[in-house]
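Each remark here refers to the structure printed beneath this line.
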Amino acid sequence: MPVIVAGDFNMSEQSQDYYYLRQVLNDSFRVSGMGFGLTWPAGWRLDFLIPNSTWKLDYPLFRIDYIWYSNHWVSKSSEVLSTTGSDHLPLVAELVLRKQ
């Protein structure tokens, strides 16, 4: 059965959970993305660290969002988009179902 699982996994590539997922699924960004794939945090205000601050953290520091897929798929591309609307940057992938 073809499987795609995507979302905020709150884990790094160094975690045990990442290791276990890699045993059964493919990480689209590692297969066909370029760069670090950092997605979080996106555009956070720093007033929680520095009271009355108007500074924003304009770049993400962590990769915790993933698109996982089974071997039924081929990943043609994967990228992090720069638009915000969340505290995460969006991750997109072009996956093509393999011919059986």
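Going by the numbering used here, the residue at position 69 of the sequence shown is 60; the numbering climbs one at a time, nothing skipped. Note that the Cβ used here is the ideal one computed from N, Cα and C, for glycine as well. All values derive from a computational prediction rather than experimental measurement.
Its chain contains Leu29, Trp31 and Pro32 as the residues whose beta carbon lies nearer than 8 Å to that of leucine 52, once the 5 sequence neighbours on both sides are disregarded; these appear in chain order. Residue pairing by DSSP places arginine 36 opposite Lys47 in a beta bridge.
Taking all protein chains shown into account, glycine 24 has 16 or more neighbouring C-beta atoms within 10 Å of its C-beta and is therefore buried. If you look at aspartate 78, you'll find it isn't in any beta strand (DSSP E); DSSP assigns it neither H nor E.
Under the 8 Å Cβ criterion, the region 6 to 18 does not count as touching the region 31 to 50, having fewer than three qualifying pairs. Under the DSSP assignment, valine -6 falls outside any beta strand (DSSP E); it carries neither an H nor an E label. Under the 10 Å beta carbon count, tryptophan 46 is surrounded by fewer than 16 other beta carbons and is classified as exposed.
If you look at serine 19, you'll find it isn't in any beta strand (DSSP E); it sits in the alpha helix (DSSP H) that goes 19 to 23.
In the DSSP annotation of this structure, the continuous segment of the alpha helix (DSSP H) that includes glutamine 14 starts and ends at 7 to 15.
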